[in-house]
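Notes to accompany the following structure.
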Amino acid sequence: MDILSLFIVIPLLTISALLFCKNLQQSRIVAMIGSFIQLGMSINLIFSYFNERLVNSDIMVFTRDIVWFKPFNIHYNIGVDGISVALLALTSIVVLAGVFISWKIKDLPKEFFISLIVLSIGVYGFFISIDLFTMFVFFEIAVIPMYLLIGIWGSGPKEFSAMKLTLMLMGASAVLLVGILGIYFNSGADGGPLTFNILEIAKVNIPFEAQKLFFPLTFIGFAVIGALFPFHTWSPDGHASAPTAVSMLHAGVLMKLGGYGVFRVAMFLLPEGALHWSWFFIILSAIGVIYGAFAAIKQTDLKYINAYSSVSHLGMVLFALLMMNATAWNGAILQSLSHGFMTALFFALIGMIYERTHTRDITKLGGLLKVIPFISVIYVIAGLASLGLPGFSGFVAEMNIFVGAFSHEEMLYRITTIIAVSAIVVTAVYVLRVVGIMLMGPVKNQTFLTLPKVTWYEMTGIFLLLIPIIAIGVAPLWISNMIIESLQPFLHGVL
Amino acid sequence: MSFNDILVMRQEIVLLVIIVLMIIMEIAIPQNKKAGIVHLSIFLFGLHTVIGFFVIDDKSLFGGMYRTTEMIHFFKNILNIGVFIILLQSAQWVKNNLISEHRGTEYFTLLFSSLLGMYFMLSAGDFLMFYLGLELSTLPVAALAAFEVSQRKSSEAGIKLILSAALASGITLFGISLLYATSSSIYFETVSENILNNNLTILGFILFFAGLSFKISLVPFHFWTADVYEGAPIGIASYLSVISKGAAVFILMVLLFTVLKPLMQVWDKLIYVIAIATMFTGNLFALRQQNMKRFLAFSSIAQAGFILLGLLIGNQLGAATVIYFVLIYIFSNLAAFGVVQAISTQTGKESMTDYEGLYRTNPNLSLVMMLALFSLAGIPPVAGFFGKFFLFTAAASEGYYMLVFIGVVNVTISLYYYLLVVRAMFLRKNENPIPFFKNDLYMRLGLLITVAGILVLGIYSPLYEYIYELSNLIN
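Going down the list, the protein sequences come from chains A and B.
So for the first sequence, our numbering puts the first residue at 1106; every next one is plus one.
So for the second sequence, our numbering puts the first residue at 6; every next one is plus one.
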């Protein structure tokens, strides 16, 4: 068994173990052990990746290639580069934190953890795939458990939100399917056999006409899950209705599939199409950045604030990817990571606050800093990371993005960059507004004076997410080196 | 004709022997032991299914009227497995409703006769044999659809089916006679050599196609489907939706890809339009259905529309994807029908609102249903995804990207109504849910086979490779 297939096998084993669990106590222990092994494996993967890089200069390392459907030349083909290693680590941390945050899930605990882990299989598989078909399979596996997770364990208009989210994402993946088929049938343009292998297709000169046609399909197919404006509307509803751990996983990890897919498939395989269309999608993503930030200002529901903030932050990822240079790309990947940890932390904290006060409406909350100081302080820290304060991961990411974006010489790119930069100010407004209303001031409701303290499992979840935020913020170089090294093949494609 | 030649018709002969045996048993078994008929027929048919897997040589008999090839043999085996699952799933219903009225034997005899008709239809080497098989396969089903004589809906279903089937077969016959008129032969081989691209031939082809479209329930020949499925016993509805449809797709594919290949520039446009109409009609009508049988009826119309995507391209890839999809579709649809059958037999409930909260009382049935619906909708890792993906790949291989796009839009629409059932079972809570019940052994086995099929057929790639090799024979 190779080191990457284990990322699929261990969750499968966890699920089989979960099937035999009888109650909450057993299920959460099993889920915790399974996710803990995953985390260990992904940390191990980081170290072995660095060792492997010293001797191996292939684009992908730890590859394994098994023929699956021979007539179509479909392979089970896996491998990782620096970008996927980083995102795998993000996933395993958020999943483990999610299990801790769901420590007291009430209804159908076994089914909850099974769905959660099925979702994580989809995400792991997506990040390690080199074959487009395999990647697409895992993409859909990651989306469909969301329906049950939101529908069964959610709150509010959960049936509506679950259906909206699933249909929008599956609709996007349907569009993506056309794009993938288009790439597949043009992969023989140089006279070779048709293939789904990303690395092989990247070597082929796909005709410009085909690139022009299939780039938007592939881009939109992936970018919907990355909350591209105007296809972002599933995200606020979905986040607001989802249970805490699902919001964490969804905003923290699942939405990263969008940026990764756009980069790895749409832009890597169809570079001329990307150059041709980039102006259009840059405008859309810049609108997303600004629109998300302004929308967050007006919300009063904590989850909606965070959901729109995600739209804004992830718009920045797409924006940076389209800027076509290594600095901005590096920033985009860092932003994906940073946003993943940060937003998962936010949702975890919101879940804790909601569990104690039974409201997410910030106008009804106040003075929480006095009653639940630990949670409140962490909330402030997460907020500062979100608005890009130096010392946290958000700063490193945004700095890279804007330096990279502004170094582009065309006027349109510079103007959009200026517009996007201004979102940072707006971000500060909505973050500080929540901090001011919710955490400072007098305690509005006397029943809040006796709120329970933070528990050990909540604390574990918080620290799991907080440590990487600070680690990336304080020492970004090692991870940024890992990413920049992996950007080389992409640069060859574009330039 | 030697004994070995006769053995080539083994599938038909064994089935015929079973039919005769059933009739003898009806007389031989005393009234108070009639329940044994169910076990006996399932056993015999199971044996027949297993025997079917032994290899049969390619051969042509009776001056070319009857032929068998490895592919045709494979089709028959697929149908056998499907019928076997239907027998398992309807065993409890037969025991409860038919044995006391002494009609158990009739049920099995008619079902097997219809299957025999399909064998002859698939093995036909000329249009005459084809037509005889078509009739033999349709008439018994009409009787079966009206089997619950005490219920008006069932009688209605029987009458509707027999009237529309009679009309359709009349049209088919007219089409065949026109093809005969222009090509001066009824033998497939001679027809394909003599066929000309003139107006009379095209008219003959269109009439012929209309007759088969009725069996596959393609738009605009689909109007009987929902009413018949709703009225007929569930076992018969599932027989109509998978076996009857599957056999018709197979023979249509063989004829289109071989005999009628010279007319390809005519039928590819025709199929293109019908595919779009069928997908949209099936999916949009399914959105508002409350009765599970009507729901599955429209869903099966929509699935037929997807099958056309593979038929459209007329080559090895198209044939392989169509066969593969139909095989998977048989398992998925039978799983869904099986759950409906189980619940209906035990509680008599067939409405979607009755399914609310089903997971809390009957988790296993709900999971089977969910897997079946995911497979029908085409969600990985279950088999339906692979079937649909390959169909789309086949259509895209000839540049039909627009059609693929319309297809994937339809997949999204279909996902909505499949999720409605999942929503009822998993998300909703019910004051008065369907109570927990235990299925009999046959039903459990029937569902187990379908679930195994749904889980394995997609991921296990050698199966597709085998089918792909097999489809080579079509050229």
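Note that beta-carbon positions come from the ideal geometry of N, C-alpha and C, so glycine has one too.
By the criterion of a C-beta distance shorter than 7 Å, L1454/A is surrounded in its chain by I1480, I1483, Y1484, A1487, once the five residues flanking it on both sides are discounted.
Only V1172, W1173, F1174, K1175, P1176, F1177, I1179 from the segment 1167 to 1180 of chain A bring a Cβ to less than 9 Å from some Cβ of chain B. DSSP, reduced to helix, strand and coil, places F1167/A within a strand of the structure shown.
Put simply, the segment 1388 to 1403 of chain A touches the segment 1332 to 1339 of chain A. At least three CB pairs are less than 8 Å apart.
In the structure shown, L66/B adopts extended strand secondary structure according to DSSP, grouped into three states. For I1325/A, no CB of chain B lies under 8 Å from its own CB, so it is not counted at the interface with that chain.
Using a CB distance cut-off of 8 Å, S380/B does not count as an interface residue toward chain A.
Of all C-beta pairs linking the segment 107 to 124 of chain B to the segment 42 to 62 of chain B, three or more are shorter than 8 Å, placing the two stretches in contact.
Per DSSP, G1184/A is one residue of the beta strand (DSSP E) stretching across 1179 to 1185. Under the rule that a run must span 4 or more residues, the alpha helix (DSSP H) segments found entirely inside the segment 9 to 83 of chain B read 15 to 33, 41 to 57. Counting only residues of its own chain and dropping the five nearest sequence neighbours on each side, V224/B has a CB closer than 6 Å to the CB of A282, T283, T286. Per DSSP, the continuous alpha helix (DSSP H) segment holding D273/B begins and ends at 269 to 291. Not flagged as an interface residue toward chain A: P438/B, since no C-beta distance is shorter than 8 Å. Under the three-state reduction of DSSP output, W1173/A falls in the strand class. Among the bridge pairs identified by DSSP, Y192/B is matched with D131/B. Each residue's CA atom was taken as its position, placing A186/B and F379/B some 47 Å apart. For T1271/A, at least one C-beta of chain B is nearer than 8 Å to its own C-beta. For D232/B, DSSP assigns no beta-bridge partner whatsoever. Pairing A1328/A with A1315/A, the inter-Cα distance amounts to about 20 Å. Contact annotation: in the segment 421 to 446 of chain B, residues whose CB is within less than 9 Å of a CB in chain A are Y421, L424, L425, V427, R428, F431, L432, R433. Counting C-beta atoms within 10 angstroms of its own C-beta, R157/B has fewer than 16 neighbours from the protein chains shown and is therefore classed as exposed. In the structure shown, S174/B adopts helical secondary structure according to DSSP, grouped into three states.
A280/B is outside the set of residues whose beta carbon lies under 8 Å from a beta carbon in chain A. Of the candidates Y422/B, L133/B, L396/B, F117/B, L396/B places its Cα closest to the Cα of L332/B. In the three-state scheme derived from DSSP, where H, G and I count as helix and E and B as strand, D1342/A is classed as helix.
Given a length threshold of 3 residues, the segment 346 to 388 of chain B has no whole run of the beta strand (DSSP E) inside it. With contacts defined as CB atoms closer than 8 Å, S142/B and F152/B fail to qualify as a contacting pair. By the Cβ test, the segment 1209 to 1227 of chain A is not in contact with the segment 1159 to 1169 of chain A, since fewer than three Cβ pairs between them sit closer than 8 Å.
Counting only Cβ-Cβ distances below 9 Å, I384/B has contacts in chain A at E1245, I1246, V1248, I1249, M1275, in chain order. The beta carbon of L1494/A sits closer than 8 Å to the beta carbons of F1500 from its chain, once the five residues preceding and following it are set aside; these are given in chain order. DSSP, read as helix, strand or coil, puts N1302/A in strand. In this model, N199/B and A1371/A are separated by some 50 Å (Cα to Cα). Look at the beta carbons and you see the segment 1405 to 1414 of chain A touching the segment 1457 to 1474 of chain A: at least three pairs across the two are nearer than 8 Å. Chain order gives the chain B residues near V1283/A as Y406, V409, F410, V413, where near means a beta carbon separation below 7 Å. By the Cβ criterion, the segment 312 to 328 of chain B is in contact with the segment 391 to 407 of chain B, since at least three pairs of Cβ atoms, one from each stretch, lie closer than 8 Å. Counting C-beta atoms within 10 angstroms of its own C-beta, H1597/A has fewer than 16 neighbours from the protein chains shown and is therefore classed as exposed.
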